[in-house]
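Novice: In this note's numbering, the protein residues as written are 45 to 243. Where is the CB? At the ideal position from N, CA and C, for every residue including glycine.
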Amino acid sequence: DRKAQDEAAFPMRELDRFLCGVASAIPLELMPGENDPVNYLLPQQAFHPCLIPDSTKFTSVRRSPNPSEFSVGGQTFLGTSGQNVDDYMSYLPPVNSPAEETAQRLDVLESMLRFGHIAPTAPDTLASYPFSSTDPFVMKEWPNLFFAANQPSFSTKVVSEGTSSVRIITVPAFSSTREVVFVNIRTLEPQVLSIEISL
Numbered sequence: 045d046r047k048a049q050d051e052a053a054f055p056m057r058e059l060d061r062f063l064c065g066v067a068s069a070i071p072l073e074l075m076p077g078e079n080d081p082v083n084y085l086l087p088q089q090a091f092h093p094c095l096i097p098d099s100t101k102f103t104s105v106r107r108s109p110n111p112s113e114f115s116v117g118g119q120t121f122l123g124t125s126g127q128n129v130d131d132y133m134s135y136l137p138p139v140n141s142p143a144e145e146t147a148q149r150l151d152v153l154e155s156m157l158r159f160g161h162i163a164p165t166a167p168d169t170l171a172s173y174p175f176s177s178t179d180p181f182v183m184k185e186w187p188n189l190f191f192a193a194n195q196p197s198f199s200t201k202v203v204s205e206g207t208s209s210v211r212i213i214t215v216p217a218f219s220s221t222r223e224v225v226f227v228n229i230r231t232l233e234p235q236v237l238s239i240e241i242s243l
């Protein structure tokens, strides 16, 4: 019925309204995650414009797939919404504290970087499209910054090999932490900001 449809659409209308406010001030990369209204299998397609019609009118809003690679200020960013890290973690022994889990998730990101593969458990236990001739998750070259979103907490370090170095970041899930990560484009130094907001 109409009421049920309105209730189902309410979260996307609220997101669209929120994005309009933010997009009027800063550029945005909008990447879908595991529970968003896009295809489930990786790589996930970008949000359809009909889901966020007002915010997509802003040229500062870029609808990105998951995983996504983009450039800002001459720096290359490569990231996911975090399903790749969550699935990889299921193969590791349990840890005893949140601090150990944070360190382990950062190590997982570093391993993926060194493997040169964004999703090493796909398609076995991480749902993805079956590709027969190419693997879209293979890194052709290292980015300047590699991140995974929707993680339990923030962590970061710089990984170096030869003359290359990459900043890796676990971006905390905003829904549970109310934290956002800002990155200085020149230095790639991250800063965490806590936001009080009623949802």
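1) Where does Glu58 fall in DSSP's three states?
2) I want to know whether the segment 50–57 touches the segment 71–79 - three or more CB-CB distances under 8 Å.
3) Skipping 5 residues on each side, what residues in its chain have a beta carbon closer than 8 Å to that of Arg106?
4) Indicate whether Val129 and Gln195 have their beta-carbon atoms separated by less than 8 Å.
5) In the structure shown, what three-state DSSP assignment does Thr120 receive?
6) To the nearest whole angstrom, what separates the beta carbons of Gly160 and Val182, a pair I think is in contact under 8 Å?
7) Start and end of the beta strand (DSSP E) containing Asn79?
8) If you follow the beta strand (DSSP E) that Ala192 is part of, which residue opens it and which one closes it?
9) Closest to Ser134 by C-alpha separation, out of Met156, Pro111, Thr169, would be which residue?
10) Count the other CB atoms, across all protein chains shown, that sit within 10 Å of the CB of Thr103; report buried if there are 16 or more and exposed otherwise.
11) Which ranges would you report for the beta strand (DSSP E) in the segment 85–167 if only whole runs of at least 3 residues count?
12) Return the CA-CA distance between Arg149 and Tyr132, expressed in angstroms with no decimal places.
13) So, Leu37 versus Ala163, is the Cβ gap smaller than 8 Å?
14) Thinking C-alpha only, which one of Ser125, Glu223, Gly117 is nearest Ile239?
15) Considering only their Cβ atoms, is the gap separating Val225 from Val210 smaller than 8 Å?
16) Starting from Thr214, trace the beta strand (DSSP E) both ways and give me its first and last residue.
17) Give the straight-line distance between the Cα atoms of Ser108 and Gly118, rounded to the nearest whole angstrom.
18) Ser125 and Pro76 - do their beta-carbons sit closer together than 8 Å?
19) On a Cα-Cα basis, can you pick out the residue from Ala217, Ile229, Pro234, Arg61 that is closest to Asn79?
Specialist: Here's the rundown:
1) Three-state result, Glu58: helix.
2) In this structure the segment 50–57 does not lie against the segment 71–79, because fewer than three pairs of beta carbons, one per stretch, are closer than 8 Å.
3) Only Pro71, Leu72, Glu73, Leu74, Phe114 meet the Cβ criterion.
4) Yes, Cβ-Cβ distance for Val129 and Gln195 is below 8 Å.
5) Note: Thr120 maps to strand in three-state DSSP.
6) Separation of the CB atoms of Gly160 and Val182 is rounded to 6 Å, and the pair is thereby assigned contact status at 8 Å.
7) Unbroken run through Asn79: none, as it is neither H nor E.
8) Residues 189–195.
9) Cα-wise, what sits closest to Ser134 is Thr169.
10) Answer is exposed; the Cβ neighbour count stays below 16.
11) Entirely contained in the segment 85–167, the beta strand (DSSP E) runs reaching 3 residues are, in chain order, 105–107, 112–116, 119–124.
12) Their backbone Cα atoms lie some 9 Å apart in a straight line.
13) Missing from the structure shown is residue 37; the chain here goes from 45 to 243 and no further.
14) Comparing Cα-Cα distances from Ile239 to each of Ser125, Glu223, Gly117, the minimum goes to Glu223.
15) Not a contact, by the Cβ cut-off of 8 Å.
16) Per DSSP, Thr214 belongs to the beta strand (DSSP E) from 208–216.
17) Taking the straight line joining both Cα atoms gives about 18 Å.
18) Taking C-beta atoms as the reference points, Pro76 and Ser125 count as a pair closer than 8 Å.
19) Asn79 has its Cα closest to that of Ala217, out of Ala217, Ile229, Pro234, Arg61.
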